[in-house]
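A.B. asks: If you scroll down you'll find the structure; I have some questions about it.
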Amino acid sequence: MPAQRKRNPNGAGTITKRKDGRYQAAVYVLQPDGTRARKFAYGKTWAECDTKRRELLDKVDSGIPVPTRSAKLAEWLPYWLENIVKPRRKLSTYDKYEAHVRIYLVPRLGSKRLESVSVADVRRFLNGLEQDTTGPTAKESHRVLRTALSAACREELVARNVAALVEPPRPRARELSPWTLDEMLTFLAAARKDPLYAAFVLAIAMGLRRGEIVGLRWADVDLDKRVIYVRQQVQRRRGVLYDDDPKGRRRRAVPMPALCIAPLRWHRMRQAAARQRAGEKWQGNGGYVFTTRTGRSIEPRNLYRSFPRVADSAQLRVILLHDARHGCATLLTAAGVAPRVVMEILGHSQISITMDVYTHVVQDTQREAISHMDRLLRRRVDRG
Numbered sequence: 055m056p057a058q059r060k061r062n063p064n065g066a067g068t069i070t071k072r073k074d075g076r077y078q079a080a081v082y083v084l085q086p087d088g089t090r091a092r093k094f095a096y097g098k099t100w101a102e103c104d105t106k107r108r109e110l111l112d113k114v115d116s117g118i119p120v121p122t123r124s125a126k127l128a129e130w131l132p133y134w135l136e137n138i139v140k141p142r143r144k145l146s147t148y149d150k151y152e153a154h155v156r157i158y159l160v161p162r163l164g165s166k167r168l169e170s171v172s173v174a175d176v177r178r179f180l181n182g183l184e185q186d187t188t189g190p191t192a193k194e195s196h197r198v199l200r201t202a203l204s205a206a207c208r209e210e211l212v213a214r215n216v217a218a219l220v221e222p223p224r225p226r227a228r229e230l231s232p233w234t235l236d237e238m239l240t241f242l243a244a245a246r247k248d249p250l251y252a253a254f255v256l257a258i259a260m261g262l263r264r265g266e267i268v269g270l271r272w273a274d275v276d277l278d279k280r281v282i283y284v285r286q287q288v289q290r291r292r293g294v295l296y297d298d299d300p301k302g303r304r305r306r307a308v309p310m311p312a313l314c315i316a317p318l319r320w321h322r323m324r325q326a327a328a329r330q331r332a333g334e335k336w337q338g339n340g341g342y343v344f345t346t347r348t349g350r351s352i353e354p355r356n357l358y359r360s361f362p363r364v365a366d367s368a369q370l371r372v373i374l375l376h377d378a379r380h381g382c383a384t385l386l387t388a389a390g391v392a393p394r395v396v397m398e399i400l401g402h403s404q405i406s407i408t409m410d411v412y413t414h415v416v417q418d419t420q421r422e423a424i425s426h427m428d429r430l431l432r433r434r435v436d437r438g
């Protein structure tokens, strides 16, 4: 008669033989929501089943969640947003991810279970989304899904990230057509009497983003040393203005061109006069450079709207305020500034963004070089 196997200690799980001849292990494991539930594993032999039991216990000891049933994407994605994205990412990032989850991912892929999502499923999803919306939207949804599945891999809910195996859509890049130097000077001349003149100078001469301009404080402006410290930006989300870190959390010190000094001094004098007129109504405790008549931070949208209005009054082709950054990058690159330095001045997160503008300028320089070579060769041929 074979010796009876010893019982496992409490909490170590059990192994029983099923009527179909297979063995079944049962272990209490941790769930993604923090609760505990019974997890079953099966094997043809007792030893095979015991190996799976030990693997489950190792995860229990390490605090790794082991779902008793595979979660659907419609369950995992909201959990990921609230417990992983929201505590660690910027509010603007959370809002963007949440919109893609709610509008595109859950309606189109939400019924799929995590381990059953295939490469083909992701590819079909992206192809359909690109047809129904736009290439950039499909590309961003791919990035959100890839990030969410990477988190599922880290928590060992899936063995691989199928979204990472699918090539993202390649939308056609928007054609860059920044203002020329003459157009920039024409705009600044037309904006000279505008209350936001100094803001426009910073956008064109230094390439500051809209939120960085609105969030600029006098404490971050050193007119004597001609340096601006970009430490925060102002954003409007969910109907509320709030201070946030710069894009990509890239704080930087940017030297000011001499062109910026006089407009900022003039603007500070105007603001002091406005503060005196407002008296007790002044609410400018934040020390913002650009404020309303009562000292509150201006709306980012108002700066965005004023820019094309001034351009139109100067009979210039209207461009986006953000495109003034590309104009700044073009001038810096044409002046021989290295792309890495341009990247630091503008606060680009990747050198590839800077190189898009750099390539545009280099192509113009190449045309000039080819034209010069053409003239030399033609002269040599004529002499021959």
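Counting in the working numbering, the sequence shown runs from 55 upward without gaps. Don't be surprised by glycine CBs; every beta carbon is placed ideally from N, CA and C.
(1) Between which two residues does the beta strand (DSSP E) harbouring alanine 307 extend?
(2) How many Å lie between arginine 178 and glutamate 184 at the Cα?
(3) Closest to arginine 292 by C-alpha separation, out of Glu229, Tyr342, Ile399 and Lys150, would be which residue?
(4) If we count the other Cβ atoms within 10 Å of its Cβ and call it buried at 16 or more, is methionine 323 buried or exposed?
(5) If I'm right that cysteine 382 touches glycine 302 with Cβ under 8 Å, what's the distance once you round it to whole angstroms?
(6) Report the residue ranges of all alpha helix (DSSP H) runs contained in full by the stretch 355-408; include only those spanning at least 4 residues, in chain order.
(7) When the distance is taken between beta carbons, is leucine 135 closer than 7 Å to glutamate 152?
(8) Taking DSSP as the reference, what is the three-state secondary structure of arginine 291?
(9) Which word fits glutamine 289, buried or exposed, when buried means at least 16 other C-beta atoms lie within 10 angstroms of its C-beta?
(10) With DSSP collapsed to three states, give me the class of arginine 142.
(11) Alanine 69 bridges to which residues according to DSSP?
(12) Identify the continuous alpha helix (DSSP H) that holds alanine 259 and give its terminal residues.
(13) DSSP on lysine 335, reduced to helix/strand/coil?
(14) Quick one: Cα of glycine 117 to Cα of tyrosine 133, how far?
(15) Measure the C-alpha to C-alpha separation of alanine 307 and serine 204 and round it to an integer number of angstroms.
(16) Return the first residue and the last residue of the beta strand (DSSP E) that lysine 113 is part of.
C.D. replies: By the coordinates alone:
(1) Residue numbering aside, residue 307 sits at position 253 when the sequence shown is read from its first letter. Segment 306-309, the beta strand (DSSP E) holding alanine 307.
(2) Walking along the sequence shown from the start, residue 178 turns up at place 124. Walking along the sequence shown from the start, residue 184 turns up at place 130. Between arginine 178 and glutamate 184, the C-alpha separation is close to 10 Å.
(3) Start at 1 with the first residue of the sequence shown, and residue 292 comes out as number 238. Per the Cα distances, Lys150.
(4) Translated into the one-based positions of the sequence shown, residue 323 becomes position 269. The residue is exposed, with fewer than 16 neighbouring Cβ atoms inside 10 Å.
(5) The residue given as residue 382 occupies position 328 in the sequence shown. The residue given as residue 302 occupies position 248 in the sequence shown. Going by Cβ atoms, the distance from cysteine 382 to glycine 302 rounds to 18 Å, so no, they are not a contact pair.
(6) As far as the stretch 355-408 is concerned, its whole alpha helix (DSSP H) runs of at least 4 residues are 377-388 and 393-400.
(7) Reading the sequence shown from its first residue, position 98 is the one you call residue 152. Reading the sequence shown from its first residue, position 81 is the one you call residue 135. Cβ atoms of glutamate 152 and leucine 135: closer than 7 Å.
(8) Position 237 of the sequence shown holds residue 291. In this structure, arginine 291 counts as strand in the three-state DSSP scheme.
(9) Your numbering for residue 289 matches position 235 in the sequence shown. Buried, because 16 or more other Cβ atoms sit within 10 Å of the Cβ of glutamine 289.
(10) Taking the sequence shown and counting its residues from 1, one reaches residue 142 at position 88. In the three-state DSSP reduction, arginine 142 falls in the helix class (H, G or I).
(11) As a working mapping, residue 69 is identified with position 15 in the sequence shown. Reading off the sequence, residue 69 comes out as isoleucine, not alanine. In the DSSP output, where bridge partners are listed per residue, isoleucine 69 has Ala79.
(12) Counting from 1 along the sequence shown, the entry for residue 259 is found at position 205. From DSSP, the alpha helix (DSSP H) with alanine 259 extends over 251-259.
(13) Within the sequence shown, the letter at position 281 stands for residue 335. Looking at lysine 335 - three-state DSSP - the assignment turns out to be helix.
(14) Along the sequence shown, one-based indexing puts residue 117 at 63. Along the sequence shown, one-based indexing puts residue 133 at 79. Looking at the two C-alpha atoms, the distance is approximately 18 Å.
(15) Within the sequence shown, numbered from 1, the residue matching residue 307 stands at position 253. Within the sequence shown, numbered from 1, the residue matching residue 204 stands at position 150. Rounded to whole angstroms, alanine 307 to serine 204 spans 34 Å at the Cα level.
(16) As a first step, residue 113 must be located in the sequence shown, where it is residue number 59. Not the beta strand (DSSP E): lysine 113 falls in the alpha helix (DSSP H), residues 100-116.
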